[in-house]
Structure formats: C-alpha cells, structure tokens
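There are 2 protein chains.
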Amino acid sequence: MARDGTATRTKIMDAAEALTLDHGFSASSVDRIIERAGVTKGSFFYHFDSKAALARALVERYAAADLEHLEGNMARAEALSRDPLQQLIIFVGLFREAAEALTEPYPGCLFSSYIHESGLMDSAILDIIQVTIDRWRKRVGDKIDRAAALHPPRLPVDLASLADMLTVIFEGAFIVSKVMKDPRTVAQQLDHYRNYLELLFAPADTRTDDTRREVGLDA
Amino acid sequence: MARDGTATRTKIMDAAEALTLDHGFSASSVDRIIERAGVTKGSFFYHFDSKAALARALVERYAAADLEHLEGNMARAEALSRDPLQQLIIFVGLFREAAEALTEPYPGCLFSSYIHESGLMDSAILDIIQVTIDRWRKRVGDKIDRAAALHPPRLPVDLASLADMLTVIFEGAFIVSKVMKDPRTVAQQLDHYRNYLELLFAPADTRTDDTRREVGLDA
Chain A
1 MARDGTATRT KIMDAAEALT LDHGFSASSV DRIIERAGVT KGSFFYHFDS KAALARALVE
61 RYAAADLEHL EGNMARAEAL SRDPLQQLII FVGLFREAAE ALTEPYPGCL FSSYIHESGL
121 MDSAILDIIQ VTIDRWRKRV GDKIDRAAAL HPPRLPVDLA SLADMLTVIF EGAFIVSKVM
181 KDPRTVAQQL DHYRNYLELL FAPADTRTDD TRREVGLDA
Chain B
1 MARDGTATRT KIMDAAEALT LDHGFSASSV DRIIERAGVT KGSFFYHFDS KAALARALVE
61 RYAAADLEHL EGNMARAEAL SRDPLQQLII FVGLFREAAE ALTEPYPGCL FSSYIHESGL
121 MDSAILDIIQ VTIDRWRKRV GDKIDRAAAL HPPRLPVDLA SLADMLTVIF EGAFIVSKVM
181 KDPRTVAQQL DHYRNYLELL FAPADTRTDD TRREVGLDA
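Each protein sequence line maps, in turn, to chains A and B.
Using full-length UniProt numbering, the letters of the first sequence correspond one by one to residues 1 to 219.
Using full-length UniProt numbering, the letters of the second sequence correspond one by one to residues 1 to 219.
Put into structure tokens, the structure is as follows:
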C-alpha cells in the first residue's frame, strides 16, 4: 500500500477510535467517522469493507498496543531487578509513571467500550478482548507465582485473581477518572495496587519495623 | 397512577435497562424496547416523553437502588461492630456475600454503560452518576478516616482514593467478569480490597504474629 494509503487508513482508524471512546460503537456511524477523519466515503470503503471490519481492525490494533505495553514494561522491570517481587512492583510503577503524566481524565478503553455493547459485537472481537486479558492474567500471574514462592503471602489469597486485579483496576479507574473528571485517578489506583502487593508479600518482620517507625508506632 | 400503569412503566424500564446493559444506550431504540417489554408505542409515550426521559428515569432508579445498598450495608455493618475498621471490613464482606451468590457473569452497570456513551448523554444524567459516586466516596471515606485515626496505616496512603477504590473495583470487576464470562470475579476482587484494608490498617504486631503462624513462617 502506498504511503498515502496507509496515512488515510490510520486517519480513519484514529477518528473512529476517538469517536467510539466518546459515543460508543453504535453511534459511531460511517458518516460521522468520515466527517471526523475528513475523508470521502469512497476512501473509507477502499480501506474497510464495512463498519464491522473497521471495528475488528481497531480492536486488533488496540490489543497489539496493549500487549506491547505489557511486554515492554515487563522486560524493563526484569532488567531493573533480579527479584520477582521487585520486578512486579517496578512493573506497576512504570504504568503509574505513565498515568501520572495525564493532564486530562482518561479517555477510556476500547475493550471496555465494545464490552458495553457486547450484544452488537462479532464474537471474533469479543474473543480478541478475552485473549488479550488472558495474556495479562498469565504474564502477571506467572510473576506473582514466582514472587509468592520466594515471599509467602501474609494472608491466604487467590493468586490468579490477584493478577486480574491489575486489569480490574485499570478498567475501573478509567471509568471513575471519566465520571469524576479527574486525571489523577489511574495513577492513584495503581499506587493502591502496588501497596497491596508490597503489604501482601514483603517480608513481615522488616516491613513491620520500618513502617512502625515511619508511622510513629514505635515512638 | 393506577396499579396497571405502574406495572407497565416498570416493565418498560426493566426492558430498557436489560437492553442497555447488553447493547448500550444508542442501540436501545424505542422500537426495540417496546418489542422486548411487550407494550405498544402508545403505552411507551404515555409513560415517557422521549428516550432521553426514559434514560433519565432509569439512571435515577439505578442511583437510588445503589445508594440504598450503600446505606443499607453500612447500617448493618455499624450494627455488627463498634470499631470503624471492623465496620469497613464487614461492609465490604456484605457486598462480597451478595456477589458470591452470582451464578452468571455480572450483567454490567448502567452508570458504566452511560459513561461509555457520555458524548450522547444529557449533562443531567452525567451529574447524577457523579453525585452518586461522590456519595460513596464520602460515606466510605468517612469510615476510612475514622479507621485510620484508630489504626494508623502501615504505608503512607491517600485516603480519599482508597475510598474510591471500592467503586473502581466494582466497575472494573463487572467488566472483567463479562469479558472472561466468570461469575466469581466480583467476589474475588472484593476479597482483595478487604485484604488490602486489613493489611493496611490492622495492628501490625497482632496481625504479624497471627499470619506468620498461618502461612507457616513461624514453624
């Protein structure tokens, strides 16, 4: 495809994604998408057979970027520490760092938009979302398993759902950020997830001594 | 209004709510709503001036039920313990109890459906959602403040966002429950929130001794 063709395709996808995050899938008609993208209907249908084909391309692009964040930040965390618990804490911290740079409420998550209209979606689209979330569960879950083997948790917990909790917090924080019009929500909630991991896995004795001093319990 | 009138109004609202949770607001046309409710168009417009008026009635009903759960479970928790930390833990446990009874993935949250199409929504509807989430923030936040005053947190934390975390977990868990088709998600995630509160606020010395024994650290 020529360079211009790729640029137009990207322009259509970007317009459709922004519109979907704001108005949902159903209300993002081809007419509204081409108006926003500033392209002709002919150009739209040159690149996409239908709105459904565009939705599929959007979710594939979104999932690929999402998994790149997962693998990229995990690789960075693994290079920054040898200990799986520290890697996990650094991994969450790297997402927190990115979230802290937000100056507007989070625009939303395409997966979540599609799930809220799941009755209208191709099963292929719902499968891509499920597979992507499952990849997070397995990658983060594997790290949690290794952390738990070295640092026994201080409460009996279900480790698989602890891995899912990161996805839960992202999705929930995007919504609360949007409702409350607060750009800080995502970073704050990732902070709490990180705290929970630390309290759950950090060696009981050291932590206790350190934090007891910190909060003035050992005055 | 006659008894029959109220029943029809409720039937329309129930059909519209179920349709919205599955297909979103935009795709829930008056035609599809009356088909699902099994009522005539005349009957629909006798009860509601427009689809927008119905959406407003739905969000008001949803918010009222939501605040009833908040206040009802908080009142029960306050009757079950004198200590604010225990009240908080019981409060989360009561929601967990209800979530554990689910046998199907969570159907979704009307607030979240509307937020995902916020570009189409009346500002009055978005205001109701914001006010409702703010009521959770204040009610749970007040309890957290009292708990923290008696049981200093073991890590420095932002208490307002800790209160919001309950809403974040509900919203995020609804989504993950739906994606992964797993009815256990909500109860499991509430468990993690409760664990976090316990680890954060429970007296360091007692907890440490108990749980060290529990996980076999003091063999």
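Built from N, CA and C at the ideal position, the CB exists for glycine as well.
Remember, it's a predicted structure, so these values are computed and weren't measured experimentally.
When C-beta atoms of the segment 148–164 of chain A are compared with those of the segment 78–89 of chain A, three or more pairs fall below 8 Å, so the two segments count as touching. Under a criterion of Cβ atoms nearer than 9 Å, the residues of chain B adjacent to residue 196 of chain A are, in order, 192, 193, 195, 196, 199 and 200. For the pair residue 199 of chain B and residue 126 of chain A, the CB atoms are not nearer than the 8 Å cut-off. Straight across, the Cα-Cα distance linking residue 21 of chain B with residue 61 of chain B is about 15 Å. One thing to note: residue 181 of chain B has its Cβ within 8 Å of the Cβ of residue 105 of chain B. Annotation: the segment 123–191 of chain A contains the following complete segments of the alpha helix (DSSP H) (minimum length 4 residues), in chain order: 123–150 and 159–180. Taking a C-beta cut-off of 8 Å against chain A, the contacting residues of the segment 160–180 of chain B are 161, 162, 164, 165, 167, 168, 169, 170, 171, 172, 173, 175, 176, 178, 179 and 180, listed in chain order. Judged by DSSP in its simplified three-state form, residue 38 of chain A adopts coil rather than helix or strand.
In the three-state reduction of the DSSP assignment, residue 198 of chain B falls in the helix class, which pools H, G and I. Here residue 35 of chain A is exposed: its Cβ has fewer than 16 other Cβ atoms, across all protein chains shown, within 10 Å. In terms of beta-carbon proximity, residue 86 of chain A stays away from the interface with chain B, with every pair separated by 8 Å or more. Rounded to the nearest whole angstrom, the CA to CA distance from residue 140 of chain A to residue 24 of chain B is 31 Å.
When the five nearest sequence neighbours on each side are left out, the beta carbons in the same chain lying within less than 6 Å of the beta carbon of residue 160 of chain B are those of 141, in order along the chain.
At the C-beta level, residue 39 of chain B and residue 115 of chain A stay beyond 8 Å of one another. At a cut-off of 8 Å between beta-carbon atoms, residue 141 of chain A makes no contact with chain B. Contact of residue 116 of chain B with chain A is assigned, a C-beta pair being separated by under 8 Å. Within chain A, no residue has its beta carbon less than 7 Å from that of residue 58 of chain B; the closest one is some 15 Å off. In this structure, residue 190 of chain A sits away from residue 111 of chain A, with a CB-CB distance that is not shorter than 8 Å. By the C-beta density criterion, residue 117 of chain A is buried, having at least 16 other C-beta atoms within 10 angstroms. Not a single C-beta of chain B is nearer than 8 Å to the C-beta of residue 122 of chain A. Residues of the same chain with a CB within less than 7 Å of the CB of residue 193 of chain A, apart from the 5 flanking positions on each side, are 92, 165, 166 and 169 in chain order.
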